[in-house]
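Novice: The following block contains the structure, expressed as structure tokens.
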Amino acid sequence: MTVKMRGRPRGFDKDEALVRATERFRTHGFSGTSLDELSEATGLARPSLAAAFGDKRALYIAAIDRLTARVERQLVRLGEAKLPLRELVERILMGGIALYLTGSDGPEGCLVINTAATQAAADPQVREKLAAFLAIEDDRIARLLADAGSPAPAAQGRLVASVLHSLSVRARGGAPRDELERVARDCVELIAGGGN
1 MTVKMRGRPR GFDKDEALVR ATERFRTHGF SGTSLDELSE ATGLARPSLA AAFGDKRALY
61 IAAIDRLTAR VERQLVRLGE AKLPLRELVE RILMGGIALY LTGSDGPEGC LVINTAATQA
121 AADPQVREKL AAFLAIEDDR IARLLADAGS PAPAAQGRLV ASVLHSLSVR ARGGAPRDEL
181 ERVARDCVEL IAGGGN
């Protein structure tokens, strides 16, 4: 007779489980992801999943928080490169395209932009997390542009962030890479023009 062990498996890695849950949410959104799918994705039984993260909503919020922190770290690191304006904007947008075209089921865009924006309509905490993500993104991009010599870093930062969001939606909608890159180049030209 085999005795089934209870609790988390040996070698349980909470961050790895969160990464896998994030990808499931990124693919199917909050409403389209069941607890059984999260259990399968993370390799954790439902009771272990609940013990580690709480309910499905708490796990979704943790996924948003994880992505927000990751985006902020990436933007801070990008600032350390001290790039000229044109190259900076290109790097931000092309990096977004590279990410948005990945996914377990094809191009999936950004977890926050493509799923939290929908969930925010019915969930005040998700709305708050979405607003915080957007504020951090706007602020960090504006600082990068200011350091690179932008004459209007706040306005141009919002434009770059808005183009990132559009690229995410377009990627999820099946736009090919060359179309996404054309949108990115248009934004670069508007911001950096022929100089910098």
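The sequence shown lines up with residues 1 to 196 when you count with the UniProt record's numbering. Every residue gets a Cβ at the ideal spot worked out from N, C-alpha and C, and that includes glycine. These numbers come from a predicted model, not from an experiment.
Flag D105 as yes when its Cβ comes closer than 8 Å to any non-hydrogen atom of the ligand FMN, and as no otherwise.
Specialist: Judged by which ligands are present, the structure shown has none, so any question about the ligand FMN falls away.
Novice: For the structure I just gave you, are there three or more beta carbon pairs, one from the stretch 101-110 and one from the stretch 45-65, closer than 8 Å?
Specialist: Not touching, per the Cβ criterion.
Novice: What's the call for V76, buried or exposed, on a 16-neighbour Cβ count within 10 Å?
Specialist: Position 76 of the sequence shown, counted from the start, is the residue given in the question as residue 76. Counting Cβ neighbours within 10 Å, V76 comes out exposed, since fewer than 16 surround it.
Novice: Which residues does DSSP list as the beta-bridge partners of G106?
Specialist: Sequence index remark: in the sequence shown, residue 106 carries index 106 (1-based). DSSP lists S104 as partners of G106.
Novice: Suppose contacts are defined by Cβ-Cβ distances below 9 Å. Is L78 in contact with R91 by that definition?
Specialist: Counting from one through the sequence shown, the residue named residue 78 turns up at place 78. Counting from one through the sequence shown, the residue named residue 91 turns up at place 91. Their beta carbons are under 9 Å apart, which means L78 touches R91 by this criterion.
Novice: Taking only runs of the alpha helix (DSSP H) that begin and end inside the UniProt domain "HTH tetR-type" (11-71), which ones reach a length of at least 4 residues, in chain order?
Specialist: Whole alpha helix (DSSP H) segments, 4+ residues: 14-28, 35-42 and 46-53.
Novice: Measure the C-alpha to C-alpha separation of F25 and D65 and round it to an integer number of angstroms.
Specialist: What you label residue 25 is simply residue 25 of the sequence shown in a count that begins at 1. What you label residue 65 is simply residue 65 of the sequence shown in a count that begins at 1. Distance between the alpha carbons of F25 and D65 is about 13 Å.
Novice: Between G32, L134 and A17, which has its C-alpha nearest residue 197's C-alpha?
Specialist: No information on residue 197 is available, as it lies outside the stretch 1 to 196 that the chain covers here.
Novice: Starting from the C-beta of I61, find all residues in its chain whose C-beta is less than 8 Å away, skip the five residues before and the five after it, and write them out in chain order.
Specialist: Looking up residue 61 in the sequence shown gives position 61. Same-chain partners within the cutoff: Q125, V126 and K129.
Novice: In chain order, which alpha helix (DSSP H) runs of at least 4 residues are fully inside the stretch 148-180?
Specialist: You should have 153-172.
Novice: If you count every other CB in all the chains shown that lies within 10 Å of the CB of G157, and 16 or more means buried, which is it?
Specialist: Position 157 of the sequence shown, counted from the start, is the residue given in the question as residue 157. With 16 or more other Cβ atoms within 10 Å, it is buried.
Novice: So, using beta-carbon positions, are A154 and D138 closer together than 9 Å?
Specialist: Locating residue 154 in the sequence shown gives position 154, where the first residue counts as 1. Locating residue 138 in the sequence shown gives position 138, where the first residue counts as 1. Yes; because the gap between Cβ atoms is below 9 Å, this pair is in contact.
Novice: In three-state terms, what does DSSP make of A192?
Specialist: The count along the sequence shown starts at 1 and reaches residue 192 at position 192. DSSP places A192 in helix when its eight states are reduced to three.
Novice: Helix, strand or coil for K82 per DSSP?
Specialist: Taking the sequence shown and counting its residues from 1, the one referred to as residue 82 is at position 82. Coil.
Novice: With a threshold of 8 Å, are at least 3 pairs of Cβ atoms found where one atom belongs to the stretch 185-195 and the other to the stretch 116-123?
Specialist: No, they do not touch.
Novice: Determine the burial state of K56: buried for a count of at least 16 other Cβ atoms within 10 Å of its Cβ, exposed for fewer.
Specialist: What you label residue 56 is simply residue 56 of the sequence shown in a count that begins at 1. Classification for K56: buried.
Novice: What would DSSP say about A122, mapped onto helix, strand or coil?
Specialist: Position 122 of the sequence shown, counted from the start, is the residue given in the question as residue 122. In this structure, A122 counts as coil in the three-state DSSP scheme.
Novice: Check whether the Cβ atoms of F30 and T115 sit closer than 9 Å, and answer yes or no.
Specialist: As a first step, residue 30 must be located in the sequence shown, where it is residue number 30. As a first step, residue 115 must be located in the sequence shown, where it is residue number 115. Cβ distance < 9 Å, so F30 and T115 count as in contact.
Novice: Is the beta carbon of L44 closer than 9 Å to that of A81?
Specialist: In the sequence shown, the residue the question calls residue 81 occupies position 81. In the sequence shown, the residue the question calls residue 44 occupies position 44. Contact: no.
Novice: Given that a residue counts as buried once 16 or more other Cβ atoms are within 10 Å of its Cβ, and exposed if not, what is A184?
Specialist: As a first step, residue 184 is located in the sequence shown; it is residue number 184 there, counting from the start. Flag for A184 reads buried.
Novice: My assumption, with CB atoms under 8 Å, is that R140 sits in contact with E72. Please give the rounded CB distance.
Specialist: Stepping through the sequence shown from its first residue, residue 140 is reached at position 140. Stepping through the sequence shown from its first residue, residue 72 is reached at position 72. 6 Å between Cβ atoms; contact.
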